[in-house]
Amino acid sequence: MAFWVPKEKRNQTHYEVVPVNNNGYNTSNKRKKKNNKKINEKPVVVLVHGFAAQGIVTWQFQVGKLTSKYSVYVPDLLFFGGSATQSEDRSPAFQAECLMKALDKLGVNKCTVVGFSYGGMIAFKMAESRPDLVHSLVISGSIIAMTDAVSAATMERLGFNKTSDLLLPESVKGLKALLSVATYRKLWFPDFLHRDFLKVMFNNRKERAELLDGLVISNKDAKVPNLKQRVMLLWGENDNIFHFELAKKMSEQLGENTILVGIKKAGHLAQLERPCVYTRRLKEFLASVHFEPLQED
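Count the sequence shown with my numbering and you get residues 21 to 317, in order.
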């Protein structure tokens, strides 16, 4: 699993990873010299991306604003960016398991997980299975689990036959349709940028289609987790995919430890459409769960 990790953590790597051939990598037995300089540990924030782009693209406006006070980790989920697996398991639970194991290997003991859309469903799985690891949770434009009823109703409302028609576009026209659904403001980009985005961001199409299939569960298997962590639902009030009313209902289901914060004039991609407001609300929540004074930018 590929990660963007804090700069100060990269210097603490104890093993040197060197290429051995075109097919893989090998870890040498040579230890790097340890950095004995004392580093003040910051609270950890893990930013988990959605289905249409890898990590650093999704969170490009948030990372730089958080790094002064937090150790920020940005993973690429399996079959996004440089992450892959030989396992045939395509469930959100497996993504969550791999992400948690990766965080363990990186020495993360406790963190706030911020999950967007598909990443939000994975974040819920993490919080439910590892409350020792997930200290608090921020969810944007997501649901606890994608049931077959919710999936069918959402696609019918948006005018798509199936989820892959929306989330795995094959043409500039399809990508424009996805962006139109996901944003409050109608954005314009030249077609060559759309073509480049399709080429770079939508690789591993077969595996990603399998991820979409593995995402949907039966209504009877859906349940609301009993989370003890503090949760913030940070939502674009004009989200066309997962409506703000759905976020209100989910807030009630999750209980008293959950707050709902809406962002006006923002759609599904609130962190990209209104990054200043989104980041400000995120920092307020992080400061509250870590009992820190909030500093102005």
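Even for Gly, the Cβ is constructed at its ideal location relative to N, Cα and C.
- Message: Between the alpha carbons of G275 and H288, how many angstroms are there, rounded?
- Response: 23 Å
- Message: Cutting at 7 Å between CB atoms, please list the residues of its own chain near F71, excluding the five before and the five after it.
- Response: S137, Y138 and L187
- Task: Quick one: using the 10 Å Cβ neighbour count with 16 as the cut-off for buried, is G161 buried or exposed?
- Result: buried
- Are there 16 or more other CB atoms within 10 angstroms of the CB of Q74, so buried, or fewer, so exposed? buried
- Would you mind sorting A173 into buried or exposed? The rule is 16 or more other CB atoms within 10 Å of its CB. exposed
- Query: In its own chain, which residues sit with a C-beta less than 8 Å from the C-beta of V309, not counting the 5 before and 5 after it?
  - Reply: T132, H155, S156 and R250
- Query: What does S95 pair with, by DSSP beta-bridge criteria?
  - Reply: Correcting the residue type first, residue 95 is Pro in the shown sequence and not Ser. Per DSSP, F23.
- Message: Out of M21, V77, D109 and R110, which one is the CA nearest neighbour of L97?
- Response: M21
- Task: Using the Cα positions of S88 and W255, report the straight-line distance between them to the nearest angstrom.
- Result: 25 Å
- Query: Is L318 helix, strand or coil when you go by DSSP?
  - Reply: The requested residue 318 is not part of the displayed model; the chain covers only 21 to 317.
- Task: Could you tell me the distance, in whole angstroms, from the CA atom of G234 to the CA atom of R110?
- Result: 5 Å
- First through last residue of the beta strand (DSSP E) which encompasses G84: Element bounds for G84: not the beta strand (DSSP E) but the alpha helix (DSSP H), V83 to L86.
- Message: Helix, strand or coil, according to DSSP, for R30 in the structure here?
- Response: helix
- Verify whether the separation of the beta carbon atoms of T299 and Q80 is less than 7 Å. no
- Message: Can you check which of these residues, K62, G84, G102 and Y90, is closest to F23 by C-alpha distance?
- Response: G102
- Please go through the same chain and pick out, in chain order, the residues whose beta-carbon is closer than 8 Å to the beta-carbon of M166, but skip the five residues on each side of it. M141, L235, V236 and I237
- Message: Considering just the uninterrupted stretch of the alpha helix (DSSP H) at I261, what are its terminal residues?
- Response: Where I261 is concerned, there is no enclosing alpha helix (DSSP H), given that its DSSP letter is neither H nor E.
- Buried/exposed call for F262, threshold 16 Cβ in 10 Å: buried
- Message: Taking its Cβ as the centre, do 16 or more other Cβ atoms sit within 10 Å of R30, making it buried, or is it exposed?
- Response: exposed
- Let me know the secondary structure DSSP gives S191 once reduced to three states. coil
- Task: Measure the alpha-carbon distance for A202 versus K62 and round it to whole angstroms.
- Result: 33 Å
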